[in-house]
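Just below is one structure, and these are the notes that go with it.
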Amino acid sequence: MFGVGIRRGVSPVMSQIVARQFSSLVKPISTFRPQTLIQQPEGPWSSLLGLIQRRFKSRGNTYQPSTLKRKRTFGFLARLRTKNGKKILQKRRQKGRWYLSH
């Protein structure tokens, strides 16, 4: 008697929403098999996939400072040796730079 009145008050849309929300609780747990997620592809392609996955792993290590290389490339004596280097020093002097080069 009381159950009939309650069922009439629930709309079909509401019952579908409730069924969707709790449908995962009704399913048996035995359907989940984690070993299927762990399996790796076999054959020659597995090594290629490993290389592709590791390609972007390390980042941010591109600048390895070396004082010797910096001085040889951008130093004052290196600027004096070339025509364009002398232009750079001249422009920095005109601009009033305190440091002309490394």
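According to our numbering, the sequence shown is numbered sequentially starting from 47. Cβ atoms here follow ideal geometry from the backbone N, Cα and C, with glycine treated the same way. A quick note: this is a predicted structure, and the numbers were derived from the prediction, not measured.
Sequence-distant residues of its chain with Cβ nearer than 7 Å to residue i (five each side left out)
i	result
G121	S147, H148
K137	none
Terminal residues of the alpha helix (DSSP H) in which residue i lies
i	result
G106	It is not in any alpha helix (DSSP H) - G106 carries neither H nor E in the DSSP assignment.
V131	Looking at the sequence provided, one finds Gly at residue 131 rather than Val. It spans 129-141 - the alpha helix (DSSP H) in which G131 sits, taken as one unbroken run.
L146	No alpha helix (DSSP H) holds L146; DSSP gives it neither H nor E.
Contact belief for residue i with residue j at Cβ below 8 Å, rounded distance in angstroms
i	j	result
K132	L126	6 Å
Cβ-based neighbour list, residue i, same chain, cut-off 8 Å, excluding 5 preceding and 5 following
i	result
R116	H148
N130	none
T119	none
L135	F122, R125, L126, L146, S147
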